[in-house]
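Trainee: Residue numbers (the numbering used here), protein chains in the order written: chain L, 1 to 117; chain H, 1001 to 1117.
Here a beta-carbon is modelled for each residue, glycine too, at the ideal position from N, C-alpha and C.
Every value quoted in this text rests on a predicted model; they were computed, and no experiment measured them.
Attaching a single structure in structure tokens format; questions to follow.
2 protein chains.
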Amino acid sequence: MALEIKPSQALRLWRQVHLDLVQDAQSDLSVRQTAILLTIYLELPPHTVRGLASRLGVTKPVITRALDSMGKLGLVTRRRDEFDKRNVVIQRTVAGALAVEHLADLVTARARELGPA
Amino acid sequence: MALEIKPSQALRLWRQVHLDLVQDAQSDLSVRQTAILLTIYLELPPHTVRGLASRLGVTKPVITRALDSMGKLGLVTRRRDEFDKRNVVIQRTVAGALAVEHLADLVTARARELGPA
DNA sequence: CGATAATGATACGGCCCCGTAACGATCGGG
DNA sequence: CCCGATCGTTACGGGGCCGTATCATTATCG
């Protein structure tokens, strides 16, 4: 049950959603931040800084800073692991779940508007 | 012939392509730059700074700077309009077309791998 | 216990992008 | 011919993100 999408459709979808994101003004997440956010909300917990860094192929400070920014926006929260106090567990928030859901709506809506070819 | 895609599929597609983009290292375009690039390559010419600015809902310096960066990457070129020398016409390049094509391949390939639900 | 490893955070220097405001070049109407 | 309008660019101050190197804290193992 793979999703059949033609290259021209893919490009129009990508462009339209990006236009929406640019004009949204609120969701000014970078590509990396988006990848981190979606990984946190789509993959099974627990999530750690080190795990996300290796998953994305970036260094740990990148994750730390991204979590700082996204934390200010209320999209994620951090808590120290009680069993291994070196670890930090990244947790989801209501605002983060809403942002992810908003993105899903955006993509599906724009996909629905796509013509053939 | 609209494209039917479920929210969960949209999110997994968005995440996977973003993971690819992060690890690509070469295509480190911002969201705005991506929107500009795709607009130039998907909509009919001619494209001007002012036209792109109003199309994206951003200020003109944003377009100028984005064209500077993308020009260094060889993704677009600029030329003054001979009939109205105030205007600048943005032109496509081979490298830009290849980059757009690469993105299309990425999205279609990841869409094809999507499972149902 | 002491040494070593592992985790996440921080400091630093550098680069890119932003929005506002101004600028030079060019066109067009009176 | 001149003056206002338009177009794209640049200057400026501010903020964010990057990678490397280093740090404090905690765990692990001999």
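In angstroms, rounded to a whole number, what distance separates the CA positions of L:His47 and H:His1047?
Mentor: 44 Å
Trainee: List, in chain order, every chain L residue whose beta-carbon is nearer than 9 Å to that of H:Arg1080.
Mentor: Going along chain L, no residue has its Cβ under 9 Å from H:Arg1080, so there is no contact; the nearest lies around 27 Å.
Trainee: Taking 8 Å as the threshold (C-beta atoms), are H:Ile1040 and H:Arg1080 in contact?
Mentor: No, the Cβ-Cβ distance between H:Arg1080 and H:Ile1040 is not below 8 Å.
Trainee: Which chain L residues sit within Cβ distance under 9 Å of H:Leu1075?
Mentor: Correct list: empty, because the minimum Cβ distance to chain L is about 15 Å.
Trainee: Compute the distance between the beta-carbons of H:Leu1003 and L:Ala95, then report whether it is under 8 Å.
Mentor: no
Trainee: For a cutoff of 8 Å on Cβ pairs, would you count L:Val58 as touching chain H?
Mentor: yes
Trainee: Out of L:Leu75, L:Val22 and L:Gly74, which one is the CA nearest neighbour of H:Val949?
Mentor: Nothing in the structure corresponds to residue 949 of chain H, since chain H is present only between 1001 and 1117.
Trainee: Between L:Gln33 and the rest of its own chain, which residues show a CB-CB distance below 8 Å, the 5 nearest in sequence each way excluded?
Mentor: Ala66, Ser69 and Met70
Trainee: Within the continuous alpha helix (DSSP H) that includes L:Arg80, where are the two ends?
Mentor: Where L:Arg80 is concerned, there is no enclosing alpha helix (DSSP H), although the beta strand (DSSP E) it sits in stretches over Val76 to Arg80.
Trainee: Closer than 7 Å by beta-carbon distance: list the chain L residues that pair up with H:Pro1045, in chain order.
Mentor: Per Cβ cutoff of 7 Å: no residues; H:Pro1045 is ~16 Å from chain L at best.
Trainee: Exposed or buried, what is L:Ala99 when buried is set at 16 or more other beta-carbons lying within 10 Å of its beta-carbon?
Mentor: buried
Trainee: Can you give the beta carbon distance from L:Thr108 to H:Ile1005, rounded, assuming they're within the 8 Å contact cut?
Mentor: 6 Å
Trainee: Looking at the secondary structure, which residues open and close the alpha helix (DSSP H) in which L:Arg92 lies?
Mentor: First-last for L:Arg92: Val88 to Arg92, but that is the beta strand (DSSP E), not the alpha helix (DSSP H).
Trainee: Using a Cβ-Cβ distance cut-off of 8 Å, determine whether H:Leu1114 contacts chain L.
Mentor: yes
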